[in-house]
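Some notes on the structure that comes next.
Residue numbers (this note's numbering): 10 to 158.
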């Protein structure tokens, strides 16, 4: 991710009044273990983010292993496994993306937001099974959604 964006995130999430918006930074072993369990390679920008902030709010909630207290407790592993199970056998683009992707967030309706193995970020609409690309990369997703307030 661009250093300018990381610095903006550090400034925002480092403020005392935003303490509930960031979690415990992820460690290398947590990441490696999750990659093995999920059979995916984590996106490099996502790794940089979670190693700095853990699960944190950056315009949208980004789940990791230990999230900010304002976000909920679901880990990236739990979210990914849960949605893979929900979509299993649906023969939809959502199922295909989930099989090799990583669920990092939920929208306000409970639809999973995932980083695909190709690096693109998608939302999967649970009512229809349809998908829509939100951003070409995790870094682009954060750039598009993060605004200090």
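Cβ atoms here follow ideal geometry from the backbone N, Cα and C, with glycine treated the same way. From a predicted model like this one, the values you see are computed outputs, not experimental measurements.
Counting along the chain, residue 55 sits inside no beta strand (DSSP E); it lies in the alpha helix (DSSP H) bounded by residues 53-62. Remark: three or more beta-carbon pairs, one from each stretch, lie closer than 8 Å, so the stretch 141-148 and the stretch 48-68 are flagged as touching.
Assigned with DSSP and collapsed to three states, residue 144 falls in strand. Residue 78 counts as exposed, since fewer than 16 other C-beta atoms from the protein chains shown sit within 10 angstroms of its C-beta. In the displayed model, residue 100 falls within coil according to three-state DSSP, outside both helix and strand.
If you look at residue 42, you'll find it isn't in any beta strand (DSSP E); it sits in the alpha helix (DSSP H) that goes 37-47. The beta-carbon separation of residue 33 and residue 75, rounded to 4 Å, stays under the 8 Å limit for a contact. Residue pairing by DSSP places residue 114 opposite 122 in a beta bridge. Beta-bridge partners assigned by DSSP to residue 70: 66.
The beta-carbon distance between residue 133 and residue 143, rounded to whole angstroms, is 11 Å. This is too long to meet the 8 Å contact definition. When rounded, the separation of the alpha-carbon atoms in residue 104 and residue 31 is 30 Å. With contacts defined as CB atoms closer than 8 Å, residue 89 and residue 47 qualify as a contacting pair.
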